[in-house]
Amino acid sequence: MTHCGEQDKSDKLINFRDRFYIPLASDGTQVIYFAGNSLGLQPKSVRDYINQELDDWKNLGVLGHHNAKNPWLPYHEFLTENLAILSGAGEDEVVAMNSLTVNLHLLLVSFYRPKGKKYKILIEDKSFPSDHYALQSQILYHGFNPSDALIEIKPRRNGYSINNEDIISFIEEHGDETALILFSGVNYFTGQAFEMDKITEAGHNKGCIVGFDLAHAIGNIELKLHEWNVDFAVWCSYKYLNGGPGAVGGAFVHKRHLQDSTIPKFWGWWGQNKSKRFDMDHVFQPIPTVESWQLSNPPIFQLAALRASLDIFREAGISELRKKSISLTGYCEKLINEFNDGRIDIITPSDPMQRGCQLSLKVKKDGRNLYQRLIRSNVICDWREPDVIRIAPVPLYNNFSEVERFVKILFSPDNA
Ligand SMILES: *Cc1c(COP(=O)(O)O)cnc(C)c1O
Numbered sequence: 563m564t565h566c567g568e569q570d571k572s573d574k575l576i577n578f579r580d581r582f583y584i585p586l587a588s589d590g591t592q593v594i595y596f597a598g599n600s601l602g603l604q605p606k607s608v609r610d611y612i613n614q615e616l617d618d619w620k621n622l623g624v625l626g627h628h629n630a631k632n633p634w635l636p637y638h639e640f641l642t643e644n645l646a647i648l649s650g651a652g653e654d655e656v657v658a659m660n661s662l663t664v665n666l667h668l669l670l671v672s673f674y675r676p677k678g679k680k681y682k683i684l685i686e687d688k689s690f691p692s693d694h695y696a697l698q699s700q701i702l703y704h705g706f707n708p709s710d711a712l713i714e715i716k717p718r719r720n721g722y723s724i725n726n727e728d729i730i731s732f733i734e735e736h737g738d739e740t741a742l743i744l745f746s747g748v749n750y751f752t753g754q755a756f757e758m759d760k761i762t763e764a765g766h767n768k769g770c771i772v773g774f775d776l777a778h779a780i781g782n783i784e785l786k787l788h789e790w791n792v793d794f795a796v797w798c799s800y801k802y803l804n805g806g807p808g809a810v811g812g813a814f815v816h817k818r819h820l821q822d823s824t825i826p827k828f829w830g831w832w833g834q835n836k837s838k839r840f841d842m843d844h845v846f847q848p849i850p851t852v853e854s855w856q857l858s859n860p861p862i863f864q865l866a867a868l869r870a871s872l873d874i875f876r877e878a879g880i881s882e883l884r885k886k887s888i889s890l891t892g893y894c895e896k897l898i899n900e901f902n903d904g905r906i907d908i909i910t911p912s913d914p915m916q917r918g919c920q921l922s923l924k925v926k927k928d929g930r931n932l933y934q935r936l937i938r939s940n941v942i943c944d945w946r947e948p949d950v951i952r953i954a955p956v957p958l959y960n961n962f963s964e965v966e967r968f969v970k971i972l973f974s975p976d977n978a
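Read left to right, the sequence shown gives residues 563 to 978 (the numbering used here).
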């Protein structure tokens, strides 16, 4: 454990840490913040971005919609290019709007269209509860029974991550009765990154719609949603995207669906053709982009916060971030394995291509105590029942020295 100083010196992205507020412990030192998978840190620039909008509201009132420095009417468009880069999409395919579960419902309205014996939804085991609730309620809404219509792909016995070949053969086996496949890009619990291109292809071969929940993927791994032919995707922005608590989420719809008027959709005035929106007539003419799924005018302050962070992502570059991420998380894994006294199992896949920056540590005994001791030692991470501590060394603001300090704390005799 002697090289980390060197690794930090050769880290091209090391200065991006200074763009963020790192929370301080009661003794005034910076905590080790490994919870960017749960709530990303605040960029220092956020205040200026939000103040601009507060000032324009103060000085312009309603005229700010057109005359603000960053006019509010098209404000969401200022985020589109950066979101397109992060998701590997065209600018007409992505939009910042709502929050994740809301977007999931809106896109299920459009893309979960059960027909005949093709009515099931296929999902990975241990996916996020909100996704399950959304799917269960959509299934009920269509008059089916979730215990029959929602099918889960499970890991092999005693395993955590799901075997890639098992996913494909499961799709081949159950595809004929499946209307829609919804997978995480990266599973929130295990940290496993799925092969989105292959899942999409296998689903399409069986005539299924394939969507992804990218809550733990966007800003974490590189995405190529358009090229992978993904039908739709949704995400939240308060995790790796650092958009702040309750940040505005996002949605992707593949270009080939954008002008298909047979796709059902819930309508609102923000989806209306921009040149017609203020005609105030009652004829809905959808914007010919994914923006037609928008319902309401969006929260500008929240968009401003997210915009500040996306501008930083743009500067750092997602492929540079991913490179650093692979070595940072790899270093963390290597040190844990070196010092492990048998107390911990890393349940996240060890192949860097099958994970992002998160490592999920299954603690064999007294996990909750270990977690609480970590928190008392000013390591901010999180606990997931029944026995998992999740840590995420985030390449934008974490560094190699922190990884080293973390592993020392994790295996310190006080923590035994
Ligand atoms: C964080 C997370 C959510 C959160 O949903 P919100 O609607 O934004 O509160 C949903 N799904 C997954 C997989 C998540 O990780």
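Note that CB positions come from ideal geometry on N, CA and C, so glycine has one too.
**Q.** Buried or exposed (CB count within 10 angstroms, at least 16 for buried), Q834
**A.** Translated into positions along the sequence shown, residue 834 becomes position 272. Label assigned to Q834: buried.
Q.
For the beta strand (DSSP E) containing V657, name the first residue and the last one.
A. Here the question's residue 657 lines up with position 95 in the sequence shown. Start and end: V656 to A658.
Q) Does the beta-carbon distance from A867 to I612 come in below 8 Å? A) Residue 867 sits at position 305 when you count from the first residue of the sequence shown. Residue 612 sits at position 50 when you count from the first residue of the sequence shown. Yes, they are a contact pair.
Q.
Does the distance between the C-beta of S858 and the nearest non-hydrogen atom of ligand 1 fall short of 7 Å?
A. Against the sequence shown, residue 858 aligns to sequence position 296. Not under cutoff, so the answer is no.
Q | Per-residue DSSP class, three states only, for V792 | A | Position 230 of the sequence shown, counted from the first residue, corresponds to residue 792. Coil.
Q: Quickly, what does DSSP pair L923 with across the bridge? List them, please.
A: By one-based count along the sequence shown, residue 923 stands at place 361. I908 and I951, per the DSSP bridge assignment.
Q) Helix, strand or coil: which one does DSSP assign to P605? A) What you label residue 605 is simply residue 43 of the sequence shown in a count that begins at 1. It is a strand residue.
Q) Thinking just about the alpha-carbon of each residue, which of K606, K760, V657 and Y750 is nearest to the one in L820? A) Residue numbering aside, residue 820 sits at position 258 when the sequence shown is read from its first letter. Of the listed residues, the one whose Cα sits closest to L820 is V657.
Q: Quick one: give me the first and last residue of the alpha helix (DSSP H) that I971 is part of.
A: Translated into the one-based positions of the sequence shown, residue 971 becomes position 409. Element bounds for I971: F962 to L972.
Q) CB of D693 to nearest heavy atom of ligand 1: below 7 Å? A) Translated into the one-based positions of the sequence shown, residue 693 becomes position 131. Yes, Cβ of D693 sits closer than 7 Å to a heavy atom of ligand 1.
Q. Should D687 be counted as a contact of ligand 1 given a C-beta to heavy atom distance under 7 Å?
A. As a working note, residue 687 is residue 125 in the sequence shown. No, Cβ of D687 sits at least 7 Å from all heavy atoms of ligand 1.
(Q) For ligand 1, is there any heavy atom lying closer than 7 Å to the beta carbon of H778? (A) Counting from one through the sequence shown, the residue named residue 778 turns up at place 216. True, at least one ligand heavy atom lies under 7 Å from that Cβ.
Q: Could you check what DSSP says for A630 in three-state terms: helix, strand or coil?
A: Locating residue 630 in the sequence shown gives position 68, where the first residue counts as 1. DSSP places A630 in coil when its eight states are reduced to three.
Q. Roughly how many angstroms lie between the CA atoms of L666 and K571, to the nearest whole one?
A. Locating residue 666 in the sequence shown gives position 104, counting from the first residue. Locating residue 571 in the sequence shown gives position 9, counting from the first residue. About 42 Å.
**Q.** Under the three-state DSSP convention, the category L785 falls into
**A.** Residue numbering aside, residue 785 sits at position 223 when the sequence shown is read from its first letter. Three-state DSSP puts L785 in coil, outside helix and strand.
(Q) Give me the DSSP bridge partner(s) of A597. (A) Position 35 of the sequence shown, counting from 1, holds the residue named residue 597. DSSP, once it has assigned bridges, lists A954 as partnering A597.
Q: Rounded to whole angstroms, what's the CA-CA distance from F751 to G808? Just pull it up for me.
A: Within the sequence shown, the letter at position 189 stands for residue 751. Within the sequence shown, the letter at position 246 stands for residue 808. Whole-angstrom Cα-Cα distance: 20 Å.
Q. Heavy atom of ligand 1 less than 7 Å from the Cβ of F814, yes or no?
A. As a first step, residue 814 must be located in the sequence shown, where it is residue number 252. Checking the Cβ of F814 against ligand 1 gives no.
Q) Taking the alpha carbon of I906 as the point to measure from, which residue in C919, P914, K924 and H788 has its own alpha carbon closest? A) As a working mapping, residue 906 is identified with position 344 in the sequence shown. Selected option, being the one with the closest Cα: K924.
Q: Compute the beta-carbon to beta-carbon distance between K786 and G650, rounded to the nearest angstrom, for a pair I have assumed lies under 8 Å.
A: Within the sequence shown, the letter at position 224 stands for residue 786. Within the sequence shown, the letter at position 88 stands for residue 650. Right, the Cβ-Cβ distance comes to about 4 Å (below 8 Å), so this counts as a contact.
Q: Please state if the CB of Y933 and the CB of R579 are separated by a distance shorter than 8 Å.
A: Indexing the sequence shown from 1 puts residue 579 at position 17. Indexing the sequence shown from 1 puts residue 933 at position 371. Contact flag unset, no.
Q. Candidates Q604, L890 and L744: which alpha carbon is nearest K574's?
A. Mapped onto the sequence shown, residue 574 falls at position 12. Out of Q604, L890 and L744, L890 has the C-alpha closest to the C-alpha of K574.
Q) Beta-carbon separation of R876 and I647 under 8 Å? A) Looking up residue 876 in the sequence shown gives position 314. Looking up residue 647 in the sequence shown gives position 85. Yes.
Q.
Once the 5 residues before and after C798 are set aside, which same chain residues still bring their CB inside 7 Å of it?
A. For the purposes of this step, residue 798 is taken as the residue at position 236 of the sequence shown. Correct list, in chain order: S661, L662, A777, A809 and G811.
Q | For L883, the three-state DSSP class (helix, strand or coil) | A | Stepping through the sequence shown from its first residue, residue 883 is reached at position 321. In this structure, L883 counts as helix in the three-state DSSP scheme.
Q | Local Cβ density within 10 Å of R930, reported as buried at 16 or more and exposed below that | A | Mapped onto the sequence shown, residue 930 falls at position 368. Label assigned to R930: exposed.
(Q) Give me the residue from F962, P633, K970 and L897 with the minimum Cα distance to D617. (A) Within the sequence shown, numbered from 1, the residue matching residue 617 stands at position 55. Residue P633 is the option with its Cα nearest to D617.
Q. Alpha carbon to alpha carbon, how far is Q856 from Q698?
A. Numbered from 1 along the sequence shown, position 294 holds the residue referred to as residue 856. Numbered from 1 along the sequence shown, position 136 holds the residue referred to as residue 698. Looking at the two C-alpha atoms, the distance is approximately 23 Å.
Q) Cβ-heavy atom distance between L662 and ligand 1 below 7 Å? A) Walking along the sequence shown from the start, residue 662 turns up at place 100. Yes, Cβ of L662 sits closer than 7 Å to a heavy atom of ligand 1.
**Q.** Heavy atom of ligand 1 within 7 Å of G811 beta-carbon
**A.** On the sequence shown, position 249 is the one that residue 811 refers to. Checking every heavy atom of ligand 1 against the Cβ of G811, one is found closer than 7 Å.
Q | Where the alpha helix (DSSP H) through I730 begins and ends | A | For the purposes of this step, residue 730 is taken as residue 168 along the sequence shown, with counting starting at 1. Segment N726 to H736, the alpha helix (DSSP H) holding I730.
Q: For K801, verify whether its CB is less than 7 Å away from any heavy atom of ligand 1.
A: The residue you call residue 801 lines up with position 239 of the sequence shown. For ligand 1, at least one heavy atom lies less than 7 Å from the Cβ of K801.
Q: For P948, count neighbouring Cβ atoms within 10 angstroms of its own Cβ and tell me buried if that reaches 16, exposed if not.
A: As a first step, residue 948 is located in the sequence shown; it is residue number 386 there, counting from the start. Counting Cβ neighbours within 10 Å, P948 comes out exposed, since fewer than 16 surround it.
**Q.** For T740, three-class secondary structure by DSSP
**A.** Counting from one through the sequence shown, the residue named residue 740 turns up at place 178. Three-state DSSP puts T740 in a strand.
**Q.** the region 706 to 716 in contact with the region 672 to 687 per 3-pair CB rule at 8 Å
**A.** yes
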